[in-house]
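This report concerns only the one structure given below.
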Amino acid sequence: MAALLWGKCLQTRFSRGVPIGDELKGEEARLNSTSDSPTDRSSLRAATLAGAFTAAMGILVLVGWYTHNVTLIQVFPAFVPMQYNTALGFVLCGSGLVALTHDRFLLAGALGSAAGVIGLLTLIEYLFGVQLGLDELFLEHYIRSASR
């Protein structure tokens, strides 16, 4: 769903002729930041809310890791806990989506690239069985699960 919202957001930006990477100033920025139709505005609003919700969920889990609150990390004892890097990816991707809806294309690209690098390195760890230490780079895990 987030991908569909993101695609609609980009379609809206391109259809209005907002150049990527260019910072618009003054009255031109205000005119270009308003959408042409209620559908465009609601799509941007939905994408912003989806990004904010995703980032907020990631922040909650990160707070859980730092405060040792197992309820924020692992909703039910039978569930696998959300790993720190997964929560960080939620924050990066959600923030990137919000940045994208506010015409901050460079910031959105940087946040998306950071999330992509974390995901790619994690995939390399699993595929090749190497231990890059990425999973405990920021915080040593104190919850272990059968999946690790």
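Under our numbering, the first residue of the sequence shown carries the number 2, and numbering increases by one thereafter. Note that the Cβ used here is the ideal one computed from N, Cα and C, for glycine as well. Everything numeric in this text was worked out from a predicted model, so none of it was measured.
Should residue i be labelled buried (16 or more other beta-carbon atoms within 10 Å of its own) or exposed?
i, result
"glycine 134", "exposed"
"threonine 102", "buried"
"leucine 73", "buried"
"alanine 57", "exposed"
"leucine 45", "buried"
Less than 7 Å between C-beta atoms, sequence neighbours within five positions excluded: which residues of the same chain meet that for residue i?
i, result
"alanine 53", "Gly95, Val99"
"glycine 22", "Residue placement at glycine 22 is poorly supported in this model, since its pLDDT is 48, which falls under 50; the coordinates are not used for a value here."
Give me the Cα-Cα distance between residue i and residue j, rounded to the nearest whole angstrom.
i, j, result
"threonine 68", "leucine 140", "12 Å"
"threonine 55", "glycine 90", "10 Å"
"tyrosine 85", "alanine 48", "24 Å"
"serine 43", "leucine 50", "10 Å"
"alanine 115", "phenylalanine 80", "27 Å"
"leucine 112", "glycine 59", "14 Å"
"histidine 142", "proline 39", "46 Å"
"valine 71", "valine 118", "27 Å"
"aspartate 136", "valine 92", "16 Å"
Tell me which same chain residues have a C-beta within less than 6 Å of the C-beta of residue i, skipping the five on either side of it?
i, result
"alanine 109", "Gly97, Ala100, Leu101"
"alanine 88", "Gly59, Val62, Leu63"
"phenylalanine 129", "none"
Report all residues from its chain with a CB closer than 8 Å to the CB of residue i; omit the five preceding and five following residues, and keep chain order.
i, result
"glutamine 132", "Glu126"
Any beta carbon from chain C within less than 8 Å of residue i's own beta carbon?
i, result
"leucine 121", "Absent from the structure: chain C. Only one protein chain is present."
ask   = At which residue ranges does the region 55-134 contain complete alpha helix (DSSP H) runs of 4 or more residues, listed in the order of the chain?
value = Correct list: 71-74, 85-102, 106-129.
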